[in-house]
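Taking the numbering used here, the leading residue of the sequence shown gets 784, the next gets one more, and so forth. Virtual Cβ for every residue (Gly too), placed ideally from N, Cα, C. Given the structure is predicted, the values throughout are model-derived calculations rather than measurements. Structure first, then comments.
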Amino acid sequence: MALVKCVECGNEVSDKATACPKCGAPPSPPASTASPAGAVQSGTVPASSAPKRRSPFVTVGRFFLWAFILGGAWLIYRLALPGRSVEALVRGPQTIVDERVQLHEGDARGYGFSLPSARKVDVQVSANPKDINVWLMTESQWGTYQKVHGNLTGGRFEYMQGLSRAKILSWSGTDVLPQGSWRIVVERPREAVLFGDATNANVKIVGY
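Written out as structure tokens, the structure is:
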């Protein structure tokens, strides 16, 4: 038991008493149960003050986005090169002509191919044991060539100089051809009068 002062008259009263014996005032209310200053109270942290989780820098969505951007940039760069098309890029290099033929003196073979759009082509030719001529022509030039080739006196014909060569054993060249129909001609020039020596020739055209 302890003594406390009455809030009305100041008389000392037992803390167990129901009223002050001097003035009849009720006892003072019990001290506050609030936590002392500096005490830590348990409880949940408000959602607004909780630390936020940082999203990872590399995600699946970001990966595919960057792949799409870089792929588009690569496609634009490749299309900027001469003779490139979307179809050629997707399909990759394509063998257009790949032939092996034996030619006697005065013989010629023409191999036709068509290009739906401008395209870069690589011509590779080899011959053994004798040299040959290689002419790249349009279909109309090929028609003129056929007319003059059989003449003993010869004749004039036209061809694309960039991918044509005379008297070669091995040669390769690259150029961009426009859309259209083309003809690659391999020819064994006539050198002997009575006897015609044969030679083997390989001709290959790859489109890019």
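Exposure of Cys-792, with buried meaning 16 or more beta-carbon neighbours within 10 Å: Here residue 792 corresponds to residue number 9 of the sequence shown, with the count starting at 1. Counting Cβ neighbours within 10 Å, Cys-792 comes out exposed, since fewer than 16 surround it.
Distance between Ala-910 and Val-843 (C-alpha atoms, nearest Å): Against the sequence shown, residue 843 aligns to sequence position 60. Against the sequence shown, residue 910 aligns to sequence position 127. Taking the straight line from one Cα to the other gives about 55 Å.
Helix, strand or coil at Leu-952 [DSSP, three-state]: Here the question's residue 952 lines up with position 169 in the sequence shown. Looking at Leu-952 - three-state DSSP - the assignment turns out to be coil, as it is neither helix nor strand.
Residues that DSSP places opposite Ala-910 in a beta bridge: Residue numbering aside, residue 910 sits at position 127 when the sequence shown is read from its first letter. According to DSSP, Ala-910 bridges with Ala-984.
Exposure label - Trp-965; buried when at least 16 CB within 10 Å: Within the sequence shown, residue 965 is the residue found at index 182, counting from 1. Trp-965 comes out buried.
Where Glu-791 sits in the DSSP three-state scheme: If you number the sequence shown from 1, residue 791 lands on position 8. Residue state, collapsed to three classes: coil.
Where Glu-941 sits in the DSSP three-state scheme: Counting from one through the sequence shown, the residue named residue 941 turns up at place 158. Coil, per DSSP.
Extent of the continuous alpha helix (DSSP H) run through Glu-922: For the purposes of this step, residue 922 is taken as residue 139 along the sequence shown, with counting starting at 1. Counting along the chain, the alpha helix (DSSP H) containing Glu-922 begins and ends at 922 to 932.
For Gly-855, three-class secondary structure by DSSP: Against the sequence shown, residue 855 aligns to sequence position 72. It is helical.
Nearest to Gln-944 (by Cα), restricted to the options Gly-956, Leu-952 and Asn-985: By one-based count along the sequence shown, residue 944 stands at place 161. Nearest option by C-alpha distance: Gly-956.
Rounded C-alpha distance that separates Asp-980 from Val-989: The sequence position of residue 980 within the sequence shown is 197, counting from 1. The sequence position of residue 989 within the sequence shown is 206, counting from 1. Approximately 29 Å, taken between the alpha carbons.
C-beta atoms of Asp-905 and Lys-950 nearer than 8 Å: As a working note, residue 905 is residue 122 in the sequence shown. As a working note, residue 950 is residue 167 in the sequence shown. Result no, Cβ atoms of Asp-905 and Lys-950 do not sit closer than 8 Å.
Rounded C-alpha distance that separates Asp-798 from Ala-808: Here residue 798 corresponds to residue number 15 of the sequence shown, with the count starting at 1. Here residue 808 corresponds to residue number 25 of the sequence shown, with the count starting at 1. Cα to Cα, Asp-798 sits roughly 13 Å from Ala-808.
Spatial neighbours of Arg-973 in its chain, beta-carbon cut-off 6 Å, leaving aside the 5 residues before and after: Start at 1 with the first residue of the sequence shown, and residue 973 comes out as number 190. Correct list, in chain order: Glu-888 and Gly-889.
Ile-915, DSSP secondary structure in three states: Walking along the sequence shown from the start, residue 915 turns up at place 132. DSSP places Ile-915 in strand when its eight states are reduced to three.
Anticipated Cβ contact below 8 Å, Asn-985 with Val-908, distance rounded: Here residue 985 is taken as the residue at index 202 of the sequence shown, counted from 1. Here residue 908 is taken as the residue at index 125 of the sequence shown, counted from 1. Indeed they touch by this definition, with Cβ atoms about 7 Å apart.
Supposed close pair Met-920, Tyr-942 - CB separation, criterion 8 Å: To locate residue 920, count along the sequence shown from 1; it is residue 137. To locate residue 942, count along the sequence shown from 1; it is residue 159. Contact holds; Cβ gap of about 5 Å.
Three-state secondary structure (DSSP) of Gly-895: In the sequence shown, residue 895 corresponds to position 112, counting from 1. Note: Gly-895 maps to strand in three-state DSSP.
When Gln-885, Val-880, Asn-794 and Thr-878 are compared against Thr-982, the one with the closest alpha-carbon: Here residue 982 is taken as the residue at index 199 of the sequence shown, counted from 1. For the residues Gln-885, Val-880, Asn-794 and Thr-878, the minimum Cα distance to Thr-982 belongs to Gln-885.
Sheet register partners of Asp-958 (DSSP bridge): Start at 1 with the first residue of the sequence shown, and residue 958 comes out as number 175. In the DSSP output, where bridge partners are listed per residue, Asp-958 has Val-904.
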